[in-house]
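Numbering (UniProt numbering), first residue to last: 1 to 150. Note that CB positions come from ideal geometry on N, CA and C, so glycine has one too. Everything below concerns the one structure shown next.
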Amino acid sequence: MLNALGAKNKLGFINGTIPHPGDAHHNAWAWNRNNVMVLSWIQQAVDPVIRKTIMSCKTSLEAWRSLRSRYGQGDVVRIAELTEALSSLKQGSQSVTEYYVNLIAIRDELDNYQPLQHCICTPNSRETCVAMRLMFAYKETNYAIQFLGV
């Protein structure tokens, strides 16, 4: 969903950076039209049972926040599932390419749920902060160990 909204330049409707300009504003009609479009996309993307819980939402931001407050807590369960899948993944009869693709898919999803935070001690902290470089190196070493099946 985030990729689709980003591609259409509509993320601001769900993160609050494109607020309603006010009914008297000359672009209010455009904001309303885009909001309804994003709200419709969100409603169509969720299960019909869940959709019922956001049908009364007037804005896409309201719907997004409602879904996030209700279902965002499931992240811990999903992280546990992904961690288990990552630790139990074995190459078995898969080719190296298939195994690597499966490993990367799990790893990337886990990284989405648990991104490394950037240090606030320096600008461009990923490149300049020693602690950040060590954390990234540690994470990459763990990924290499997982790939090698050690």
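Per the coordinates, the alpha-carbon of residue 34 lies some 41 Å from the alpha-carbon of residue 143. Here residue 59 is buried: its Cβ has 16 or more other Cβ atoms, across all protein chains shown, within 10 Å. Contact between residue 82 and residue 106 holds: their C-beta atoms lie close to 6 Å from each other, under 8 Å.
Straight-line measurement puts the Cα of residue 98 at about 45 Å from the Cα of residue 19.
By the C-beta density criterion, residue 131 is exposed, having fewer than 16 other C-beta atoms within 10 angstroms. The Cβ atoms of residue 38 and residue 5 sit closer than 8 Å to each other. Listed in chain order, the non-local C-beta contacts of residue 85 below 7 Å within the same chain comprise 106, local neighbours out to five positions each way being set aside. Annotation for residue 100: 147 place their beta carbon closer than 8 Å to its own, counting only its chain and skipping 5 residues before and after.
Here the alpha carbons of residue 134 and residue 71 stand approximately 33 Å from one another.
Taken atom to atom, the span from the alpha-carbon of residue 90 to that of residue 110 is near 17 Å.
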